[in-house]
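Just so we're aligned, residue 1 is where the sequence shown starts under the UniProt record's numbering, counting upward by one. Contents: one structure, followed by commentary.
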Amino acid sequence: MHVSRIHQFGPPEVLRYEQVDDPVPGSGEVLVAVERAGVSYGDVIVRAGSYPVELPYVPGVEVGGRVVAVGDGADATLVGRQVVACTTRNAGGYAELARAKAAYTFPVPDGLGLEVAIGVFQAGAVALGLLTAMQVRPGETVLVTAAAGRIGLLLVQLAQAAGATVVAAAGGTAKVAAAREAGAKHAVDYATADWPNQVREATGGRGADVVLDAIGGTLGAQAIEAAARPGGRIGIYGFASGDWTPLDTAAIVRSGQAVSGPLSLVFAKSDAEQRADAEQALAAATRGELTPRLHAEYPLADAAAAHTELADRRTIGGIQLLP
Numbered sequence: 001m002h003v004s005r006i007h008q009f010g011p012p013e014v015l016r017y018e019q020v021d022d023p024v025p026g027s028g029e030v031l032v033a034v035e036r037a038g039v040s041y042g043d044v045i046v047r048a049g050s051y052p053v054e055l056p057y058v059p060g061v062e063v064g065g066r067v068v069a070v071g072d073g074a075d076a077t078l079v080g081r082q083v084v085a086c087t088t089r090n091a092g093g094y095a096e097l098a099r100a101k102a103a104y105t106f107p108v109p110d111g112l113g114l115e116v117a118i119g120v121f122q123a124g125a126v127a128l129g130l131l132t133a134m135q136v137r138p139g140e141t142v143l144v145t146a147a148a149g150r151i152g153l154l155l156v157q158l159a160q161a162a163g164a165t166v167v168a169a170a171g172g173t174a175k176v177a178a179a180r181e182a183g184a185k186h187a188v189d190y191a192t193a194d195w196p197n198q199v200r201e202a203t204g205g206r207g208a209d210v211v212l213d214a215i216g217g218t219l220g221a222q223a224i225e226a227a228a229r230p231g232g233r234i235g236i237y238g239f240a241s242g243d244w245t246p247l248d249t250a251a252i253v254r255s256g257q258a259v260s261g262p263l264s265l266v267f268a269k270s271d272a273e274q275r276a277d278a279e280q281a282l283a284a285a286t287r288g289e290l291t292p293r294l295h296a297e298y299p300l301a302d303a304a305a306a307h308t309e310l311a312d313r314r315t316i317g318g319i320q321l322l323p
């Protein structure tokens with residue numbers, strides 16, 4: 001089979017399209033003939049070397065396609081089913097065949113396109129988990145940074161559906177418009193120097209009750225400035241800027257704010273809870289209540305181009321590879 005993998009960390013060009021032996025599903029695994037593979041910012045971080053893994057390495061966690069074989073202990077009735085799934089460790093999805101966890105494999109609901117199922121099952125589960133971890137309540141204001149990203153757009157929709165007032169922050173006119181289309185009541189542009197003040201104005205001077213930040217660096221610090229004082233709850237779940245948000249502990253203590261890492265809480269949930277979140281996201285998408293946005297599709301052989309576009313922050317929504 002063909003894969004796109006890395007033999008060394010570096011720029012997108014280190015992704016190489018090459019042929020390897022077909023994998024065999026292990027115990028508790030299924031083998032998926034991949035029709036679509038999701039591309040996440042986490043893949044970019046790993047490829048760049050910010051999260052070292054054993055090399056050579058095939059990126060990709062999310063896959064969709066037909067189950068062609070199962071390992072010991074896996075549900076044999078999955079064979080032939082169209083599914084979305086998360087790959088096993090060291091068995092990435094940038095491939096024509098991928099090993100996946102049987103316990104985290106989901107038949108695609110009738111009437112739901114595979115591109116939608118891929119875009120929502122894991123990213124939607126993460127978004128639901130983040131909102132739960134941050135204890136978002138109806139009537140609160142929620143600031144979402146990277147609001148035009150694949151998870152950001154889902155967070156906007158889900159927070160709004162939970163009864164919160166969403167303030168979206170994104171970079172550029174097109175991304176701001178996309179966040180508004182997703183349901184954000186207010187949307188601000190990072191390019192505006194006083195955007196944290198705009199968030200405060202949109203929240204009646206108080207600031208956001210909850211901040212969900214995936215960018216870090218200077219923008220992450222500005223997002224903290226836009227949080228309510230006292231009582232603002234800040235959840236840091238990414239560093240797309242390349243740097244984690246710098247924290248001024250003394251200022252946080254004086255302001256009466258709380259800072260947490262909600263993504264770790266999401267992944268610490270039991271397998272059953274994580275599976276329930278994914279099933280809830282798929283069900284919401286089937287009902288038309290949760291809509292992922294697909295920015296672009298690339299052939300598997302052009303994975304480097306997909307990484308370049310994502311790393312350059314040109315995307316609105318997600319990117320998928322087609323083997």
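Cβ atoms here follow ideal geometry from the backbone N, Cα and C, with glycine treated the same way. Treat the numbers as computed from the prediction; the structure is a model and nothing was measured.
Quick one, which of Ala174, Leu31, Tyr94 and Gly288 has its alpha-carbon nearest Ala102's?
Leu31
Can you tell me the Cα-Cα spacing of Arg36 and Leu322, whole angstroms?
5 Å
Using alpha carbons as the reference points, say which of Ala311, Gly318 and Thr315 lies closest to Glu13.
Checking every option, the nearest Cα to that of Glu13 belongs to Ala311.
Below 8 Å CB to CB, which residues in the same chain sit around Val34 once its five sequence neighbours on both sides are set aside?
Listed in chain order, the non-local C-beta contacts of Val34 below 8 Å within the same chain comprise Val63, Gly64, Gly65, Gly93, Ala95, Glu96, Leu97, Ala98 and Pro323, local neighbours out to five positions each way being set aside.
Under the three-state DSSP convention, the category Leu219 falls into
helix
Is Val84 near the ligand HEM, going by C-beta to nearest heavy atom under 7 Å?
What this structure holds is no ligand at all, so the ligand HEM is not there to describe.
Same chain only: Cβ atoms within 8 Å of Leu112, ignoring 5 sequence neighbours per side
Excluding the 5 residues flanking it on each side, Leu112 has same chain C-beta neighbours closer than 8 Å at Leu282, Ala285 and Thr286, in chain order.
Go to Ala151, then tell me how far its alpha helix (DSSP H) extends in each direction, as first and last residue.
This sequence places Ile at residue 151; Ala is not what is there. From DSSP, the alpha helix (DSSP H) with Ile151 extends over Arg150 to Ala161.
Going by the CB atoms, is the gap between Ala123 and Ala184 shorter than 8 Å?
no
Who are the near neighbours of Gly317 in its chain, counting only those whose CB is closer than 7 Å to its CB and skipping five residues on each side?
Arg150, Leu153, Pro292, Arg293, Leu294 and His295
Looking only at its own chain, which residues have a Cβ that is under 6 Å from the Cβ of Tyr17, when we skip the five neighbours before and after it?
Ser4 and Ala301.
Which whole-angstrom value is the C-beta distance of residue 339 and Ala187, which I expect to be below 8 Å?
This structure cannot settle anything about residue 339, because the visible part of the chain is limited to 1 through 323.
C-beta contact flag for Ala125 and Asp277 at 8 Å:
yes
Please report the Cβ distance between Gly207 and Ala228, rounded to the nearest whole angstrom; I am assuming they are in contact, meaning their Cβ atoms lie under 8 Å.
4 Å
Taking the alpha-carbon of Val84 as reference, which of Ala69, Val156, Ala117 and Gln280 has the nearest alpha-carbon?
Ala117
Distance check for Asp209 and Leu265, CA to CA, integer angstroms please.
19 Å
For Asp213, count neighbouring C-beta atoms within 10 Å of its own C-beta (all shown protein chains included) and say buried if the count is 16 or more, exposed if not.
buried
Quick check: the Cα distance between Phe106 and Val70, rounded to an integer number of angstroms?
Cα to Cα, the separation comes out at about 14 Å.
If you follow the beta strand (DSSP E) that Pro196 is in, where does it begin and where does it stop?
Taken as a continuous stretch (DSSP letters only), Pro196 belongs to no beta strand (DSSP E), being part of the alpha helix (DSSP H) at Trp195 to Ala202.
Using CA atoms only, rank isn't needed, just tell me which of Gln222, Gln274, Gly60 and Ala202 is closest to Ile319.
Gly60
In the DSSP assignment, the alpha helix (DSSP H) including Arg36 goes from what residue to what residue?
Counting along the chain, Arg36 falls outside any alpha helix (DSSP H), though it belongs to the beta strand (DSSP E) covering Glu29 to Val39.
Since Thr145 contacts Ala223 with CB under 8 Å, what's their CB separation in whole angstroms?
About 5 Å separates the two Cβ atoms, so the contact holds.
For Glu181, which option in Val156, Leu143, Val142 and Leu55 has the closest C-alpha, if you only look at C-alpha atoms?
Val156
Helix or strand or just coil, what does DSSP make of Arg233?
Strand at Arg233.
Give a yes or no on whether the C-beta atoms belonging to Ala191 and Gly163 are separated by under 8 Å.
No, they are not a contact pair.
Who are the near neighbours of Phe9 in its chain, counting only those whose CB is closer than 6 Å to its CB and skipping five residues on each side?
Gly49
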